[in-house]
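Visitor:
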Amino acid sequence: MSPAKKAFRWIFGIGLGLGLLLGLVKIISPESASVTWNGQEMTGIGALLVGGGLGAVFGLIFGAIIALIVWLVTRGSAKR
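Here it is, written out as structure tokens:
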């Protein structure tokens, strides 16, 4: 697996994990976290889905940016 793919998978996994963790915290202890979507406070499975979805979106965006940077930095060393 190329370093760019590894970087993308790590960043995406971290973003998704943090989003799901936020949703789980909201389910377990509703007063300790705030998950809102379109001005509505999300509770239950909705909070888990919103947190996971937002984590996945941010993971995709930042993962793609980091993977592009890693690919640009390592492309010359792969040909040697």
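Residue numbering for the sequence shown follows numbering that gives the first Met the number 0, starting at 0 and increasing by one per position. For glycine and all other residues, C-beta sits at the position ideal for the given N, C-alpha and C.
(1) Can you name the start and end residues of the alpha helix (DSSP H) that Val24 belongs to?
(2) Please classify Val34 as buried or exposed, where buried requires at least 16 neighbouring CB atoms within 10 angstroms.
(3) Anyone know if the C-beta pair for Phe7 and Gly54 falls short of 7 Å?
(4) Just checking my contact of Gly51 with Gly12 at CB under 8 Å: how many whole Å lie between their CB atoms?
(5) Ignore the nearest five residues each way along the sequence and tell me which others in Leu47's own chain have a CB closer than 8 Å to its CB.
(6) Please report the distance separating the alpha-carbon of Gln39 from that of Thr73.
Guide: By the coordinates alone:
(1) By 1-based counting over the sequence shown, the position of residue 24 is 25. Where Val24 is concerned, the enclosing alpha helix (DSSP H) starts and stops at Pro2 to Ile27.
(2) Sequence index remark: in the sequence shown, residue 34 carries index 35 (1-based). Buried.
(3) Locating residue 7 in the sequence shown gives position 8, where the first residue counts as 1. Locating residue 54 in the sequence shown gives position 55, where the first residue counts as 1. Cβ atoms of Phe7 and Gly54: not closer than 7 Å.
(4) Taking the sequence shown and counting its residues from 1, one reaches residue 51 at position 52. Taking the sequence shown and counting its residues from 1, one reaches residue 12 at position 13. About 12 Å separates the Cβ atoms of Gly51 and Gly12, ruling out a contact at the 8 Å cut-off.
(5) Locating residue 47 in the sequence shown gives position 48, where the first residue counts as 1. Excluding sequence neighbours, Leu47 sits near Leu19, Gly22, Leu23, Lys25 and Ile26.
(6) Numbered from its first residue, the sequence shown carries residue 39 at position 40. Numbered from its first residue, the sequence shown carries residue 73 at position 74. Computed Cα separation, rounded: 45 Å.
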